[in-house]
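Quick note: the sequence shown uses the UniProt record's numbering, first residue 1, plus one each step. Ideal Cβ placement from N, Cα and C applies to all residues, glycine included.
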Amino acid sequence: MRDVDVIADPASAAAAMDPVRAKLLAELREPASASALAGRLGVSRQRINYHLRLLERHGLVEVAGTRTWGGLTERQLVATAAGYVVSPEALGAAASTPQPSAERMSAAYVVSLAARVVAEVGGMARNAVRQRKRLPVFGLDTDIRFGSPADRAAFAEELTAAVNRLVSKYHDERTPDGRWQRLMIVAHPVPKGVEPGATVSRNTRDG
């Protein structure tokens, strides 16, 4: 099971986002049978089997094994990933992309940057898995509390200068085996009610 899978196919995204099927994907972080899932979710086994077949068709669940009891053989299914992210690719031409003329201090620009990361890294990660290669990426994540807007502005200015200095030091367009990489730095407020360093649940609202 992969840690995360990025869904780029529109039909697969629609299948995963159905409320019942989304619950099934969460339950199937551990192998389970249709009858066990029916009991947990309070849905008929027939309906569970319908949803499972659809998820299996889109490559979101797979057979983990079988179990025989009472003369019957039941399949044990498991999700293909512990968690899923829907790529902007699933929206086709309607997907957001960063615009060169966009306001760098706008939330829309930050969201567009994040969407591009999901689309590009998700696609390359799928190819890397198929080729059994490791994708050369790294990420940094931290929390910082500024005492004032002036401190935040000063931090942004110093960080920009530091990044420009490092880019000037390591940028190399001449080495034959070199490869371009994207560097993205984003700062945003921590949502209200969320402790620094914590993961935001889908029900969290920033008021």
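query: C-beta contact flag for Leu-24 and Leu-52 at 8 Å; result: yes
query: Length of the line joining the Cα atoms of Arg-205 and Pro-191; result: With a pLDDT of only 42 at Arg-205, under the threshold of 50, the placement of this residue in the model should not be trusted, and no figure is reported.
query: Residue span of the alpha helix (DSSP H) that contains residue 218, given as start and end; result: Lying before the first or after the last residue shown, residue 218 is absent from the chain, which here runs from 1 to 207.
query: First through last residue of the beta strand (DSSP E) which encompasses Val-85; result: 84–86
query: Proximity of Leu-55 and Val-61 at Cβ, strictly below 8 Å; result: yes
query: Contact the segment 167–174 vs the segment 92–110: 3+ CB pairs below 8 Å; result: no
query: Same chain, Cβ closer than 8 Å to Val-4, five either side skipped, listed in chain order; result: Ala-81, Ala-82, Gly-83, Tyr-84, Val-85
query: Buried versus exposed, by CB contacts within 10 Å (16 or more), Pro-88; result: buried
query: Rounded straight-line distance, which links the Cα of Ala-32 to that of Ala-162; result: 51 Å
query: Run of the beta strand (DSSP E) containing Gly-65, from where it starts to where it stops; result: 61–69
query: Whole-angstrom distance between Gly-123 and Val-6, CA atom to CA atom; result: 8 Å
query: Cβ-Cβ separation, Gly-197 to Asp-143 (assumed contact under 8 Å), whole Å; result: 6 Å
query: Which listed residue (Arg-126, Ala-128, Gln-99, Asn-127) has its alpha carbon closest to that of Ala-114; result: Gln-99
query: Span separating the alpha-carbon of Gly-39 from that of Arg-134; result: 40 Å
query: Where the alpha helix (DSSP H) containing Val-129 begins and where it ends; result: 107–131
query: Three-state secondary structure assigned by DSSP to Val-78; result: strand
query: Among Arg-57, His-58, Gly-59, Arg-21, the one whose alpha carbon lies nearest that of residue 208; result: The displayed coordinates of the chain run from 1 to 207. Any statement about residue 208 would go beyond what the structure contains.
query: Reference Gln-181, options Pro-149, Glu-158, Val-129, Glu-120, closest by Cα; result: Glu-120
query: Close beta carbons around Val-43, own chain, < 6 Å, minus the five adjacent residues each side; result: none
query: Among Val-129, Ala-95, Gly-147, Leu-140, nearest to Arg-116 - alpha-carbon criterion; result: Ala-95
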